[in-house]
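Numbered by mature numbering (1 follows the signal peptide of the UniProt record, and there is no 0), the letters in the sequence shown go through residues -24 to -1, 1 to 298 in order.
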Amino acid sequence: RRRRRRRRREVILSCLVMVPTSCSMKVPGLGLPCYPLSPGAVGRPRRRSRRKPSNGALRVHLDSPGGVPTAGKAQRSRRRCECFDLHKELVPYKDAWLWQKSVVEKRRSLMDGGGDHCDTLIVLQHPPVYTLGTGSLEEYLKFDAKDAPYDVFRTDRGGEVTYHGPGQLVMYPILNLRYHQMDLHWYFRALEEVIIRVLQRTFSVKASRLDGLTGVWVGNQKIAAIGIRVSRWLTYHGLALNVTSDLTPFRYIIPCGIRDREVGSLCGLLEQADKEADGALLMDVTHESMLKEFAEVFQLSVETTSIPGSVFSREKPLGLLV
């Protein structure tokens, strides 16, 4: 009888620890539920269940590119991600930078108040501009910064100098990594995985990573660059994929500080493979694929809002977009 009572007590304690409550929340990047413990719940059951995971449990496919976790088909509801879609618009770099920082600031305020929030994704193009990371060396500029062919910004992201311009799709994810994985190495690899999947699944272009170098490569050509900043596990800045980009402006810099490799574009790769590529259509197809693969890699429910680029010509546009 004592054994029965002890076992019954362990079962009750197990229920206190493992049963979901109305306050349960899910960590979408991992596909795992996280439940708060009641103040009186201490200890753990001595024996774990040996039952096989249900179809809704997280399954890590070891053969998936990059080892990025993917969820089972019957997955739980995903974390919401609001997407501001300006992929057809040329948004001035400074406006987009201030926009990101304003979103991050609002997220911090919510966190300080104990509130939850959704993630955010901004998709756009930029007019021609050069940007440098926090520690970028001006020796990677092949021109005098005071007499530059385009605007030059020293930003608060990591990485070296790069170029943004028309024909390049830029994604700025503002994610709370507490709800994904608090691991910057994982985050870099996940961003790369988005582009690798887009190229492989939509265009049958085999892309890869290179040891010691961040970004996505096709042969010797870098087709996507990544530079981020993380504050209190909130990410901003992001990635840029050359789709129909004019690559000439890259000649006036040493992109990402890498001297012995080239920069490429998706359009150029398709032309080399004798595949016709209409510029506007290619941008739309690539954009659609990027949103799909981003949602899959990060296990998010992406809700898209289209915004006219003219909003940035207003005196105070940012309040409308946060």
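Cβ coordinates follow ideal geometry from the N, Cα and C atoms, glycine included.
Expected contact under 8 Å - CB spacing of residue i and residue j to nearest Å
i, j, result
"G141", "T220", "Actually they do not touch by this definition, with Cβ atoms about 10 Å apart."
"R55", "L276", "6 Å"
"Q197", "G240", "3 Å"
"I229", "Y139", "6 Å"
"I202", "F164", "6 Å"
"R205", "G134", "7 Å"
"T178", "V261", "7 Å"
Reference residue i, options the options, closest by Cα
i, options, result
"V105", "I172, F129, H156 and D92", "F129"
"D132", "V146, S112, L151 and Y126", "S112"
"residue 343", "M87, A200, Y69 and T107", "Absent from the model: residue 343. The displayed extent of the chain is -24 to 298, so no value can be given."
"S180", "L186, D187 and I171", "I171"
"V67", "L145, P225, R83 and D92", "L145"
"K70", "M266, L108 and E269", "L108"
"L167", "T281, P125, K268 and Q248", "K268"
Paired residues, beta bridge with residue i - DSSP
i, result
"Y139", "Y106"
"D250", "Its beta-bridge partners do not exist; DSSP assigns none."
"Y148", "I98"
"L175", "Note: L175 sits in no beta bridge, so no partner."
"D127", "V105"
"E115", "Answer is none; E115 lacks a bridge partner."
Secondary structure of residue i, DSSP reduced to three states
i, result
"R235", "coil"
"A200", "strand"
"Y69", "helix"
"Q275", "coil"
"M87", "helix"
"R133", "coil"
"Y155", "helix"
"W193", "strand"
"L217", "strand"
"F270", "helix"
"S282", "strand"
"S265", "helix"
"L245", "helix"
"V80", "helix"
"H161", "helix"
*Quick one: any contact between the stretch 89 to 107 and the stretch 232 to 252, if contact means 3 or more CB pairs under 8 Å?*
By the C-beta criterion, the stretch 89 to 107 is judged not to be in contact with the stretch 232 to 252, since fewer than 3 inter-stretch pairs fall below 8 Å.
*the stretch 183 to 192 in contact with the stretch 111 to 124 per 3-pair CB rule at 8 Å*: For the pair of segments examined, the stretch 183 to 192 was found not to touch the stretch 111 to 124: the number of CB pairs separated by less than 8 Å stays below three.
*How do the stretch 249 to 260 and the stretch 152 to 169 stand: do at least 3 beta-carbon pairs fall below 8 Å, yes or no?*
Result no; under three Cβ-Cβ pairs closer than 8 Å.
*Do the stretch 74 to 81 and the stretch 201 to 217 touch if we need at least three Cβ pairs shorter than 8 Å?*
Touching, yes, given that three or more Cβ pairs across the two stretches are closer than 8 Å.
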